[in-house]
Amino acid sequence: MLGIIFTNLVEMIETTISYEMADEILEEANLSSDGIFTSVGHYPLEDVVEIVTLLSQKTDIPPDDLIFAFGKYLFVKLIEGHKHIVRPDADLFDLLAELDSNIHVEVLKLYPNATLPTFTVVKREKEMIDMIYQSPRQLETLASGLIHGGAEYFKTEVTVDMNVLETSPYRVQLTVKKLKRRENRTKQIFFT
């Protein structure tokens, strides 16, 4: 996985919990890099799993909730550094529709060795998009968090329904629908 994932995960722990917690996790974890990450490096998925597992044990927050929260956090960080990739007139559904055809193409220019998931658009309407997420990493919860982070960025309330279609290759149908104000059901994670 790209180092930018790791540097942002550690930064999230530092800013939402504490620097001490981040240091403690990096010291205790059995990581391939000894806890030293660069944004352009490549590290195994197992390192993310190790960090999230330890964080879950120390905070009593389920791993999936942490991964979802990280996805929301990560979206903000990615968009801050790569606004030039997103059209100025784009909305959330435009962004999602252009993931593979535009966004990931630009990401690969910046990080040529990146192994990115694929998002195939099955159906698109004004306030709904159906996509197939495919990745051997099985991080659809992270994808859902990123989508919710994008929804907040674009000031749009959404639901994201996930349905595993196949396990080999791993494919998940993601259905993103815009909500009316009173239907907001976004998962909230509070760190203590």
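Going from the sequence shown to this note's numbering is simple: count from 1 and add 1487.
For every residue, glycine included, the Cβ atom is placed at its ideal position computed from N, Cα and C.
Since the structure is predicted, the reported quantities are computational estimates derived from the model, not experimental observations.
Contacting residues, own chain, Cβ-Cβ under 7 Å from residue i (five flanking each side not counted)
i            : result
residue 1538 : 1496, 1512 and 1516
residue 1499 : 1557 and 1560
residue 1491 : 1526
residue 1600 : 1529
residue 1667 : none
Whole-number beta carbon distance between residue j and residue i, since they are thought to touch under 8 Å
i            : j            : result
residue 1659 : residue 1620 : 5 Å
residue 1578 : residue 1641 : 6 Å
Close beta carbons around residue i, own chain, < 6 Å, minus the five adjacent residues each side
i            : result
residue 1568 : none
residue 1624 : 1532
residue 1679 : Note on residue 1679: pLDDT 44, under 50, position unreliable in the model; the coordinate value appears next. Around residue 1679: no qualifying Cβ.
residue 1627 : 1620, 1649 and 1659
Residue from the options with nearest C-alpha to residue i
i            : options                   : result
residue 1571 : 1597, 1618, 1647 and 1614 : 1597
residue 1536 : 1657, 1524, 1574 and 1493 : 1493
residue 1622 : 1549, 1615, 1651 and 1637 : 1651
residue 1644 : 1656, 1630 and 1615       : 1615
Sequence-distant residues of the same chain with beta carbon closer than 8 Å to residue i, five excluded per side
i            : result
residue 1506 : none
(request) Pair every Cβ in the stretch 1603-1611 with every Cβ in the stretch 1575-1594, then say whether three or more of these pairs are closer than 8 Å. (result) As far as the Cβ criterion goes, the stretch 1603-1611 touches the stretch 1575-1594, which means the pair count is three or higher.
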